[in-house]
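Visitor: Residue 156 in the numbering used here sits at position 156 of the sequence shown, with consecutive numbering throughout.
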Amino acid sequence: MIEARPTPDFATYPWVPISIVDGVLPNVHVAWADGPDLDCYSLWLFENSRAIDPVTRESTVDPADLPEPSFLSAARRTDDGALELTWGDGVQSIVHPGWLRAVARQRHRPEAVPGPLTIWTTDMLDEPPTFDGAAVLDDTVVFGDWLRAIHAYGFARLRNTPADRAFLETLIQRIGPIRGSNFGNIFTVEARLDADSTANTGLNLGQHADLPTRETPPGFQFLHCVENTVAGGASRMTDGLAVVAELEANHSAEYEVLTTLNWVFANRAPDGDHRWIGPVIDHGQLGSQLTMRAFYPVRLAPDMSTADVPRAYDAMRILSRVAHDERFMLRSRFEPGDIIGFDNRRMLHGRDAFDPGAGSRVLTGCYVDRDDLLSRLRVLDRDALQSRPATRPATPPCNPPSNL
Ligand SMILES: [Fe+2]
1 MIEARPTPDF ATYPWVPISI VDGVLPNVHV AWADGPDLDC YSLWLFENSR AIDPVTREST
61 VDPADLPEPS FLSAARRTDD GALELTWGDG VQSIVHPGWL RAVARQRHRP EAVPGPLTIW
121 TTDMLDEPPT FDGAAVLDDT VVFGDWLRAI HAYGFARLRN TPADRAFLET LIQRIGPIRG
181 SNFGNIFTVE ARLDADSTAN TGLNLGQHAD LPTRETPPGF QFLHCVENTV AGGASRMTDG
241 LAVVAELEAN HSAEYEVLTT LNWVFANRAP DGDHRWIGPV IDHGQLGSQL TMRAFYPVRL
301 APDMSTADVP RAYDAMRILS RVAHDERFML RSRFEPGDII GFDNRRMLHG RDAFDPGAGS
361 RVLTGCYVDR DDLLSRLRVL DRDALQSRPA TRPATPPCNP PSNL
């Protein structure tokens, strides 16, 4: 019996025939004529062919119930370039060569689809990357391009969206779930007499990243301007990756302090008490994103030796000077209908002071976790790929087994 199992996911892959199948069981080596190759262990192939449920596309076999590695008795290339596996009970599985090739090319890794990052300075950008958002709810091309720019540059702007307070939630739900916080799901940034944060005043707001009080601060933040009649209050953005590079190159002692000495961060709300501890520049674990824990309103106490505290303050002073340096900090005015999306853990954002008595400046805002925006980008890319021819040729496999 030949089982043509679906790929172990919901993507559509181009059919790129395998040119070579060899290796010594239980290992199978596959290669393509243009270079990519992949070593596959028999049980990994079992999990990703026979064990795949066709509805959920998930592996269904608990590790304790996997067969012995020798259960794979043969592997060969079919006439049309698929991998055919013969199992100890006589069942044969066909593995899609396009899926194997994607793994061989590392396209299954988390960082593959969103693409490379562009570290920028004001020599490169004098305005945020900007897209016309007038039809963004119906235009998946603009929507996708905007999200890709947010990921690549750390920020990007939509102009001409409806300047009403309900629009942001409608748009952001197309990315994924909104991440709530102690400010609610959708928060409003405006000068108020009963301000619960420095953001809700007319004060200058130094370059910072939100919610370093959390184990994982929100990945992305969105701000939608619905009113702006004040003269000041310009939005400011600094690429944290450029700041990190500058510190590493020209302020190495301060860079070492900022990446190794910890602070306790805590919010100061009557009905909440979020706390976390970490360095100001947090490179995290292998594969995780840079997190700038730079927000003085919630930095509570040094968690370091008394002797280290002076140099910790010196280092933060240098960090702030670099973050506000005109070489790195881009200033732009919010117009009603503008939506800025930005990487809250990479970018440092701030605001010029304004006079709350001389007009109104109202932004609505929300957060989205990093995973959800990257997931939406992968699905958008998957949908775009599905418009290409990707199906298997009609000819069934019929060639004899190759040598392993
Ligand atoms: Fe902020």
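For glycine and all other residues, C-beta sits at the position ideal for the given N, C-alpha and C.
Can you list, in chain order, the residues of its chain whose CB lies under 8 angstroms from that of D123, leaving out five sequence neighbours each side?
Guide: Looking up residue 123 in the sequence shown gives position 123. Hits under 8 angstroms: R327.
Visitor: What's the gap between the Cα of V226 and the Cα of P336?
Guide: Residue numbering aside, residue 226 sits at position 226 when the sequence shown is read from its first letter. Residue numbering aside, residue 336 sits at position 336 when the sequence shown is read from its first letter. Near 5 angstroms, if we compare the C-alpha coordinates of P336 and V226.
Visitor: Are there any heavy atoms of ligand 1 lying less than 8 angstroms away from the beta-carbon of D352, as far as the coordinates show?
Guide: Indexing the sequence shown from 1 puts residue 352 at position 352. Not under cutoff, so the answer is no.
Visitor: Please state whether DSSP places N344 in a helix, a strand or coil.
Guide: Position 344 of the sequence shown, counted from the first residue, corresponds to residue 344. Note: N344 maps to coil in three-state DSSP.
Visitor: Please classify Q173: is it buried, with 16 or more other beta-carbons within 10 angstroms of its beta-carbon, or exposed?
Guide: Taking the first residue of the sequence shown as 1, we reach residue 173 at position 173. By the neighbour-count rule (16 or more Cβ atoms within 10 Å), Q173 is not buried but exposed.
Visitor: Is the beta carbon of F222 less than 9 angstroms from the beta carbon of G341?
Guide: Reading the sequence shown from its first residue, position 222 is the one you call residue 222. Reading the sequence shown from its first residue, position 341 is the one you call residue 341. In contact: F222 and G341 (Cβ atoms closer than 9 angstroms).
Visitor: Considering only residues of the same chain and omitting the five flanking positions on each side of T86, which have a CB-CB separation below 6 angstroms?
Guide: Locating residue 86 in the sequence shown gives position 86, counting from the first residue. Within the same chain, T86 has close Cβ partners S73, A74, Q92.
Visitor: What's the C-alpha gap between I20 and E47?
Guide: Residue mapping note: residue 20 aligns to position 20 of the sequence shown, counting from 1. Residue mapping note: residue 47 aligns to position 47 of the sequence shown, counting from 1. Rounded to the nearest angstrom, the two C-alpha atoms are 22 angstroms apart.
Visitor: Could you check where the beta strand (DSSP E) with G144 kicks off and where it finishes?
Guide: Position 144 of the sequence shown holds residue 144. First-last for G144: 140-153, but that is the alpha helix (DSSP H), not the beta strand (DSSP E).
Visitor: Check this for me: beta carbons of V141 and T213, under 9 angstroms apart or not?
Guide: If you number the sequence shown from 1, residue 141 lands on position 141. If you number the sequence shown from 1, residue 213 lands on position 213. Contact flag unset, no.
Visitor: 9 angstroms is my cut-off, CB to CB: does R378 come that close to chain B?
Guide: Looking at the structure shown, chain B is missing, and only one protein chain is on hand.
Visitor: Do L211 and S181 come within 9 angstroms of each other at the CB atom, strictly closer than that value?
Guide: Counting from one through the sequence shown, the residue named residue 181 turns up at place 181. Counting from one through the sequence shown, the residue named residue 211 turns up at place 211. Going by C-beta atoms, S181 is nearer than 9 angstroms to L211.
Visitor: Identify whether I281 lies in helix, strand or coil by the three-state DSSP scheme.
Guide: Taking the first residue of the sequence shown as position 1, residue 281 is located at position 281. Strand, per DSSP.
Visitor: Pop quiz: F131 and W120 are said to be a contact at Cβ under 8 angstroms. What is the actual Cβ separation, rounded to whole angstroms?
Guide: One-based indexing of the sequence shown puts residue 131 at position 131. One-based indexing of the sequence shown puts residue 120 at position 120. Not confirmed; about 17 angstroms, so no contact.
Visitor: Here's the rule I'm using: 16 or more other beta-carbon atoms within 10 Å means buried, otherwise exposed. How should S360 be labelled?
Guide: As a first step, residue 360 is located in the sequence shown; it is residue number 360 there, counting from the start. S360 should be labelled exposed.
Visitor: Can you tell me whether V309 is helix, strand or coil according to DSSP?
Guide: One-based indexing of the sequence shown puts residue 309 at position 309. V309 falls in the helix class under three-state DSSP.
Visitor: On a Cα-Cα basis, can you pick out the residue from T170, C40, A307 that is closest to P69?
Guide: On the sequence shown, position 69 is the one that residue 69 refers to. With distances taken between Cα atoms, P69 lies closest to C40.
Visitor: Among the residues of its own chain, which have a CB less than 8 angstroms from the CB of F10, if the five just before and after it don't count?
Guide: Within the sequence shown, the letter at position 10 stands for residue 10. Counting only Cβ-Cβ distances below 8 angstroms, and skipping sequence neighbours, we find R57, R382.
Visitor: So the alpha helix (DSSP H) I20 belongs to, where does it begin and stop?
Guide: To locate residue 20, count along the sequence shown from 1; it is residue 20. Not the alpha helix (DSSP H): I20 falls in the beta strand (DSSP E), residues 20-22.
Visitor: Excluding five sequence neighbours on each side, which residues of the same chain lie with their C-beta closer than 6 angstroms to the C-beta of R331?
Guide: Taking the first residue of the sequence shown as position 1, residue 331 is located at position 331. Once the five neighbours on either side are set aside, the close Cβ partners of R331 are A234, R236.
Visitor: Leaving out the 5 sequence neighbours to the left and right, which residues in its chain are closer than 7 angstroms to L380 when beta-carbon positions are compared?
Guide: Residue mapping note: residue 380 aligns to position 380 of the sequence shown, counting from 1. T140, G144.
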